[in-house]
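*Asks:* Quick mapping for you: the protein sequence lines, in order, are chains A and B. Here the first sequence is numbered in UniProt numbering, starting from 1 and rising by one per residue. Here the second sequence is numbered in UniProt numbering, starting from 1 and rising by one per residue. The structure's right below; bear with me while I get my questions together.
2 protein chains.
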Amino acid sequence: MTQDTPPEVSTRDALIEAGMALLAEGGPEALTLRRAAARAGVSHAAPAHHFKGLRGLQTAIAIRAFADFNRAMITHRDAAADTPFERLAGICDGYLAFVEGQEGLFHLMFTAAEVDRDDPDFRAGATRAYGLLRAGCAPFTGGADLVFEGAVWSAVHGYATLGFTRKRGQAGGENPPPFRALLRLIVPDRPDHLGPVSAK
Amino acid sequence: MTQDTPPEVSTRDALIEAGMALLAEGGPEALTLRRAAARAGVSHAAPAHHFKGLRGLQTAIAIRAFADFNRAMITHRDAAADTPFERLAGICDGYLAFVEGQEGLFHLMFTAAEVDRDDPDFRAGATRAYGLLRAGCAPFTGGADLVFEGAVWSAVHGYATLGFTRKRGQAGGENPPPFRALLRLIVPDRPDHLGPVSAK
DNA sequence: ATTCAAGCTTGACAGTGTAAAGCTTCGCCG
DNA sequence: CGGCGAAGCTTTACACTGTCAAGCTTGAAT
C-alpha cells in the first residue's frame, strides 16, 4: 500500500497479534507457529527470523500479556476508593478481571513449561506485576513483608487458577465465595497505622 | 471389582505407568501417545483401544495422580501432632510435598486444557481432595465455611503454582516465605472453640 | 558498484494424533 | 463341537506440527 513511513505493522508484531488472536479463539492448543504465520500473511518459516521457535513466540506473547495484565491492575486500583484496603482489592480485581477475559494469556504467563522464564523482558514484566502487588500491600505492612505479600499473591493466584472466577469452583461444587471475603480474612480490618500485620 | 488374576499388568495399566514415567522424566512435553505405547511395548495405535485419544490417557493419568495426591495429604496429616492447626498444616505439607516431587502430574491435575474435567472419576478424585481440606478446616469453622476453605485452598495452591516450593519464587527474587507463616495469617492463633472465623 | 546481511520463501524431514482396515484370539452361545 | 463375534492389537495411511537448509530479493553500507 502506502510506502512512506512503515504504515503496516512489522511482521514480528503481526505474528504476535495473530498468535494472541489464536490463543483467544481456540485456547493454548490453537496457538501454532504455522497458523500464526498464515494469519499474519507470511510463510510458515518466517517466524523463525523473529523468534526462537514456538517457545520464542509464546514468550513474546507472554511479555505483551504482562503489559496488559499490569495495566488492568493499575486501572482497577486507580478506580477504587482511596483507602488501603480498597486499593489492594482493586489490584486483585484487575488481576481477576484479566484472568476471566484472557485465560489463554494467563495460562501462558503463569504455567511454566511453554515459556522462557529467563527472558529478561519476561522477568521485567513479572517483576513489575509483583511490584504493583507489593505496593498495594505496603500500607498494611509498613514496607516489604514477604509473608503478607505471599499470602495475598497466593490467594488471588490460587483463586484464579482454581477456577473460582467461574460459576463453580473445580473442586467443590458449590458457588465460589467472592474474593473480597478471602481478602478480608488475610487483611485484618484494623487501622493502618499499627504497623506490620505479621510479626517478622 | 477388577479381574482377579491377570499376572501381567494390563496394557491399559502399562500405558498409564509408561505415561507417568515419561511425565516425570521429561515434563508435559515428553508425554506422547506414541512414546507411551513404545515404552509399554505395544504399537502406536494400541492406546486408542483403551483411552479416548491423548486426552483420555492424560485424564487417566490425572485420575491416578489424584489418588497419590490424596494419599500424600492423608499421610502428612496423620503424622502431624493432634491439634487442629498442625493437622491442617500437615495436609498442606502433603499437598506441597506432592507438588515438589511430581510437578508434571500436578500440572495435569490442575491446569485445565489437557484433561477432561467432566470425567466422573476425575471429579471424584478432585472432590475427595477438597473434602480432605474441608475436613481439616472444619475445627476452625464449625462446619463448612466456603470463605475460610477457599482462602486456605487458594493459598496453598497459589503457593505451589507460583513456585514458592522452589528456592526462589518466580515473581519476586527473594527467598520465599515458609508456607506455615502464610497459613498462620489465615488461621488465627486462637482457641478452637470460639466458632467460625469468618462471620457469615 | 559491490558486498552483505536481514527478511522471506520453498522444500524437505522426523515426529505427532488419529482414523481405517485387517489380523489374531478368546469367550460364549447355538 | 462349531462357529462367530467382539475385543485387542498391528499395519498402513494422512494431515498437521516444529525445525532445518538452501535459495531469492532488497536495501543499506562500504
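For glycine and all other residues, C-beta sits at the position ideal for the given N, C-alpha and C.
Does DSSP put B:D68 in a helix, in a strand, or in coil?
*Replies:* The residue given as residue 68 of chain B occupies position 68 in the second sequence. Note: B:D68 maps to helix in three-state DSSP.
*Asks:* What residue does the alpha helix (DSSP H) around A:G158 start on, and which one ends it?
*Replies:* Against the first sequence, residue 158 of chain A aligns to sequence position 158. Unbroken alpha helix (DSSP H) run through A:G158: 146-161.
*Asks:* Which residues of the region 22-56 of chain A have a Cβ closer than 8 Å to any Cβ of chain B? Give them in chain order.
*Replies:* Listed by position along the chain: G27, P28, E29.
*Asks:* Using a Cβ cut-off of 9 Å, which residues of the region 153-164 of chain B contact any Cβ in chain A, in chain order?
*Replies:* Under the 9 Å Cβ criterion, the region 153-164 of chain B contributes W153, S154, A155, V156, H157, G158, Y159, A160, T161, L162, G163, F164.
*Asks:* If you run the structure through DSSP and keep just helix, strand and coil, what is A:Q58?
*Replies:* Translated into positions along the first sequence, residue 58 of chain A becomes position 58. In the structure shown, A:Q58 sits in a helix (DSSP, three-state: H, G or I).
*Asks:* Taking Cβ-Cβ distances shorter than 7 Å, what residues in chain A pair up with B:A67?
*Replies:* Taking the second sequence and counting its residues from 1, the one referred to as residue 67 of chain B is at position 67. What B:A67 touches in chain A: nothing, since even the nearest Cβ is about 15 Å away.
*Asks:* Using a Cβ cut-off of 8 Å (strictly closer), state whether A:T5 contacts chain B.
*Replies:* For this step, residue 5 of chain A is matched to residue 5 along the first sequence. Below a pLDDT of 50, predicted positions are generally treated as unreliable, and A:T5, at 41, falls in that range; the measurement from the model is reported next regardless. Not an interface residue.
*Asks:* Could you check whether the Cβ of A:I186 sits closer than 8 Å to any Cβ belonging to chain B?
*Replies:* In the first sequence, counting from the first residue as 1, residue 186 of chain A sits at position 186. Closer than 8 Å: yes.
*Asks:* Can you tell which of B:G150, B:M109, B:I91 has the C-alpha that lies nearest to the C-alpha of B:L23?
*Replies:* Numbered from 1 along the second sequence, position 23 holds the residue referred to as residue 23 of chain B. Comparing Cα positions, the closest option is B:M109.
*Asks:* Quick one: what's got a C-beta closer than 7 Å to B:L133's C-beta in the same chain, skipping five residues either side?
*Replies:* Here residue 133 of chain B is taken as the residue at index 133 of the second sequence, counted from 1. Correct list, in chain order: I91, E149, V152, W153.
*Asks:* How far does the alpha helix (DSSP H) with A:F140 in it reach, from first residue to last?
*Replies:* Counting from 1 along the first sequence, the entry for residue 140 of chain A is found at position 140. Segment 120-141, the alpha helix (DSSP H) holding A:F140.
*Asks:* Let me make sure I understand the geometry here. Which of A:A30, A:P28, A:R39, A:G26 has the alpha-carbon closest to that of A:R12?
*Replies:* For the purposes of this step, residue 12 of chain A is taken as residue 12 along the first sequence, with counting starting at 1. Of the listed residues, the one whose Cα sits closest to A:R12 is A:R39.
*Asks:* Less than 8 Å between C-beta atoms, sequence neighbours within five positions excluded: which residues of the same chain meet that for B:I16?
*Replies:* Along the second sequence, read from residue 1 onward, the residue named residue 16 of chain B stands at position 16. Counting only Cβ-Cβ distances below 8 Å, and skipping sequence neighbours, we find L57, A60, I61, R64.
*Asks:* Quick one: is B:A113 near chain A, going by C-beta distance under 8 Å?
*Replies:* Position 113 of the second sequence, counting from 1, holds the residue named residue 113 of chain B. By this cut-off, B:A113 is an interface position.
*Asks:* Determine, using beta-carbon pairs with one atom in the region 125-141 of chain A and one in the region 69-80 of chain A, whether at least three such pairs fall under 8 Å.
*Replies:* Cβ pair count under 8 Å is three or more, so yes.
*Asks:* For B:V9, does the count of other Cβ atoms within 10 angstroms reach 16, so buried, or fall short, so exposed?
*Replies:* Your numbering for residue 9 of chain B matches position 9 in the second sequence. By the neighbour-count rule (16 or more Cβ atoms within 10 Å), B:V9 is not buried but exposed.
*Asks:* For A:T83, count neighbouring Cβ atoms within 10 angstroms of its own Cβ and tell me buried if that reaches 16, exposed if not.
*Replies:* What you label residue 83 of chain A is simply residue 83 of the first sequence in a count that begins at 1. Under this definition A:T83 is an exposed residue.
*Asks:* A:T161: beta carbon under 7 Å from a heavy atom of the ligand ATP?
*Replies:* As for the ligand ATP, it is missing from this structure, which has no ligand bound.
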